[in-house]
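First comes the structure, then the notes that go with it.
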């Protein structure tokens, strides 16, 4: 959020909305700023959003007369949304690396084994013989697809929010659009060309993407669980979860939790779509709901990617 | 489904997998075919899918020896999925028309009124004055966006399924890919280039799109409900729902149900993502779940579009 | 709904709120009343609820001067809610029979087999030997529990709605409570002792119960699916679903769809809880959402009970 | 969990399953036990559950020969489930206090104001005049109902889990039922009389209860938000959330987030019902899903209760 306030200050300086010396002063203060976190917690409880308390602290640190240029023309939602967008892009970049690693692991897994015969199963019954690749392609192809699409998702979600109190950038007069453009350049995100305080499709799509990803991993997990059943044994685990009382057991823990993560994200996705209805010019209700849902979805997806990579490293397909 | 069986027959004839006279015979039978619906109901209850019973009836109607060429090399899921895809594209085409009409209605609604002053509302409290357009743009821009994206969604979902019993097109030998291509051409849908029996992201994305659409309309509905409150009265309805006992009332029924439809689709979307985990080569469980969820989402979205158009026709914004 | 209007008329006659001859006249009209369904469809679309159009038709059929006593003191929601309650109790009574049949079928299934050895499975891996009963008790005990609880659920949901336009029974003056009591007696449901237009916990609990029921059957379905795998074969099906191309297959269709039904109800349950927030004195939005969700849950649960009974009839446990 | 292991040890000592000196030794070790948390984290990642690592550490701390009596006859799930149950009861006890405080606050709120006239609102339109109590009773009555029911919910969820590796208490021989009874007495929870490793209705019902509670508060929140609109002003807030740029605003933050909390819990409830299908004798998948969902629901409900109490303290109803 401080990074966003900085970019706002720089952009407004560049367009002569605030004086040069105020820009320098505010930037210096932000650079060395360490918020009173307990005070932030209290103000957030009262205000329902962290920004009013944060701006208050910033203004106090800047002092008169430059404090009038802090957060100038912006509204709480501009700061929170843009901050969310920046962090989301960073997380997606981490996910991109994990997806690449997963593709490699699945490649290693199947290498030299692709043509191995496997009994195909439909509706949980033996159907016809096929190859191992005929099953594993259904793990790998969607992972590849999602990896390919990640930049578009990141780009779509990665847009600046700068719209002012009621979405009209009223305080910035004619310079609003230019400031938005400069800020977007500084923060290396997109200029949205308009307000999106209550147009939240990009966030819902991000959530859909996360849930698609965990479901894709959940399909792989389900297949591994079924293949590692003792009677089936078309897959084995080099290592697995221990039981507290049955030393002979090797539980397919990472495969199982992939399914749990997917079902969790599925439920959360409904919450995120319930959060799409933002009434009037800003919705405290729907916005707060986003904050409850989206972090859980990120955490879940990140954990799922790690579990999938771990799993792919320990699965073996015994020949015949 | 009969259309899909026809296209399969034609494609297989063209590639000399089945004899010309059998093609002609089967096509003629299909053209005049009227299934025994009660028998279909019974067989569907037993088989969990309509195709085995349908193919049985078709084969009986064709008779020996050509009956061996009916449904040749396909599996139930090929027929059901492709049929779903074709119907989905048709429904999306209807939705496209409704979206266009809605854009026009919103345009008419705002025409000459765009610059009218409206008190902006954030967190349900009066914030700052703005224009009517500053609110209505948040109804129209996402509708426009969704209209623009509809062809891509339709294209993404519109792909042939032809994969055979376990996804390997085993019975079609080397000609599988060619037959798939010819069938896709005949049915004017995409050749998927591979099996997607258990790769269901395109259906989940269709569901996300439908829910995004109803949420977008739900935002418009919420705003209208709030604006038509007696004390607010920044919007009026030319006509509204009657009460059974209070003749003075004009209930904003179409605005209200837009919110209901959106919340319903949000819940269903979670179900559709729960249906993403198709185990092994075909999942009776996840597939059936799709059939429960998706039709409800289509019906809900279609009704929402109609309600939104009706609503846009009766809303008025009193000046001052 | 006509039954509710009748009971209202009788109760109001008994308490001398409307004259005897008007009571007789209205009851006779209702007895022979056949609504114009197309007109009802149109009025429902306009009013968002069927009652205003129905009452209009009824009043026309009664004619002046007795028409002023039709629907006297009630509001649309009184009629719709009470009608829902009556139908819900009838459906629950059907479910009770199906649950009893299911208990019997599970008893037959396990009879003479209870002590048969079965390998216990935890986290999808072989754990320790146990008996068949150690697994099947987890199908039967929750079914028994739910059967035992059904009367309480039915009783809890089975309460009259009679509250008038804003929940105050304003038009019935001092006699409101008495009329409510008499009506409840006539309809053989509970007197709620107050309004519940916006207190909807009993309906949410009904929905929870339905979802608990389908989940209980879904657990049984999952187990049967796993036990009928070819390599496991600790359960066999006397009959199963046919494949359109693999005559050797016997698909555990009824077991699979039990899982589908459970996941569907789980999603719908979230919708029903989203419908719990009824604003002010009557919510068009939340009320309509109930109408979308609850019928689907009833249909799903009814189908699940039938599938479970069918399934229990065809499962066999081969000895050793 | 250590408390549960202690109770197990004591009970087994009492029934002479393990020698007295071993009991004393193990209890003393547990009393002073401080687990290596990093090692626990690592083992939990590998095993999918914390107990195997915890028992390993405990056994090391006890040392030979008494270590064979640690965790004797129990399985991981016995410890985790019982621990969950104990903590759940403690949380519910906190919720009970908050509910009581809320009832008092609502009483204070309405005191002397109950008969004040308020325009009743149905379908968001003015309907008929009524009293303030006619609205507020719909906040208070469900809160009272839920408070009354809390002991039953707490009792229902509060049952010991002790079933052993596959639910048969195999290692405890004939003494299993007695040990379960003694342990339940020690821990002051119910003896379940049987295993419930895969019978999870009590947890789903706990989740339903939590969601019913947040929805009840969400209704109160929605009403307050609507009443504090500037044009309506049938309620005022003594204090509210500040805006970062509009000093005149007093945002109804606590009322808004009550709605967010309710919608969040609604989505999570679907997840909890999805977690009801525990396959075979123990489900890693469904069990992990419970752990993802239930803590979020507890946190959400606890926060909602606090917000509701805060809200009730600042609402005022201006006369006339």
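Residue numbers (my numbering), protein chains in the order written: chain A, 253 to 572; chain B, 253 to 572; chain C, 253 to 572; chain D, 253 to 572. Ideal Cβ placement from N, Cα and C applies to all residues, glycine included.
Find the residues of chain C that neighbour residue i, judging by a C-beta separation of less than 8 Å, and give them in chain order.
i, result
"residue 503 of chain B", "299, 300 and 536"
"residue 293 of chain A", "Simply none; closest approach about 28 Å."
Mind checking if residue i is an interface residue toward chain A, Cβ cutoff 7 Å exclusive?
i, result
"residue 533 of chain B", "yes"
"residue 396 of chain B", "no"
"residue 481 of chain C", "yes"
"residue 358 of chain B", "no"
"residue 512 of chain D", "yes"
"residue 574 of chain D", "Outside the shown range of chain D, which is 253 to 572, sits residue 574 of chain D, and nothing can be said about it."
"residue 544 of chain D", "yes"
Contact criterion: CB-CB distance below 7 Å. Does residue i meet it with respect to chain B?
i, result
"residue 268 of chain D", "no"
"residue 420 of chain A", "yes"
"residue 496 of chain C", "yes"
"residue 304 of chain C", "yes"
In terms of DSSP beta bridges, what is residue i paired with?
i, result
"residue 493 of chain B", "B/503"
"residue 377 of chain C", "C/374"
"residue 382 of chain A", "A/370"
"residue 488 of chain C", "C/568"
Please state if the CB of residue j and the CB of residue i are separated by a distance shorter than 7 Å.
i, j, result
"residue 274 of chain B", "residue 435 of chain B", "no"
"residue 346 of chain A", "residue 314 of chain A", "no"
"residue 525 of chain D", "residue 538 of chain C", "no"
"residue 487 of chain A", "residue 498 of chain A", "no"
"residue 366 of chain C", "residue 372 of chain C", "no"
"residue 325 of chain A", "residue 265 of chain A", "no"
"residue 304 of chain A", "residue 512 of chain D", "no"
"residue 442 of chain D", "residue 267 of chain D", "no"
"residue 464 of chain D", "residue 336 of chain C", "no"
"residue 519 of chain D", "residue 493 of chain C", "no"
Run through chain C and tell me which residues come within less than 7 Å of residue i, C-beta to C-beta.
i, result
"residue 517 of chain A", "None at all; the shortest Cβ gap to chain C is about 13 Å."
"residue 319 of chain A", "Going along chain C, no residue has its Cβ under 7 Å from residue 319 of chain A, so there is no contact; the nearest lies around 41 Å."
"residue 523 of chain B", "515, 516 and 519"
Step through the CB atoms of chain D and report whether any lies within less than 7 Å of the CB of residue i.
i, result
"residue 379 of chain B", "yes"
"residue 484 of chain B", "yes"
"residue 429 of chain C", "no"
"residue 554 of chain C", "no"
"residue 526 of chain A", "yes"
Check the Cβ of residue i against every Cβ in chain A and list those closer than 9 Å, keeping chain order.
i, result
"residue 477 of chain C", "375 and 376"
"residue 278 of chain B", "Going along chain A, no residue has its Cβ under 9 Å from residue 278 of chain B, so there is no contact; the nearest lies around 24 Å."
Are there 16 or more other CB atoms within 10 angstroms of the CB of residue i, so buried, or fewer, so exposed?
i, result
"residue 411 of chain D", "buried"
"residue 230 of chain D", "This structure leaves residue 230 of chain D out entirely; chain D is present only between 253 and 572."
"residue 280 of chain B", "exposed"
"residue 394 of chain D", "buried"
"residue 359 of chain B", "exposed"
"residue 288 of chain A", "exposed"
Interface residues of chain A around residue i at Cβ under 7 Å?
i, result
"residue 520 of chain D", "519"
"residue 530 of chain B", "471"
What residues of chain B sit near residue i, judged by a beta carbon separation below 8 Å?
i, result
"residue 509 of chain C", "300, 536, 537 and 540"
"residue 323 of chain C", "496 and 497"
"residue 417 of chain C", "495, 497 and 498"
Just to make sure I have the definition right: I need the residues of chain A whose C-beta is within less than 8 Å of the C-beta of residue i. Which are they?
i, result
"residue 451 of chain B", "390, 393 and 394"
"residue 372 of chain B", "417, 418, 419, 420, 532 and 533"
Output, in chain order, the set of chain D residues within a Cβ distance shorter than 8 Å of residue i.
i, result
"residue 327 of chain A", "495, 496 and 497"
Quick one: which chain D residues come within Cβ less than 9 Å of residue i?
i, result
"residue 307 of chain A", "496 and 497"
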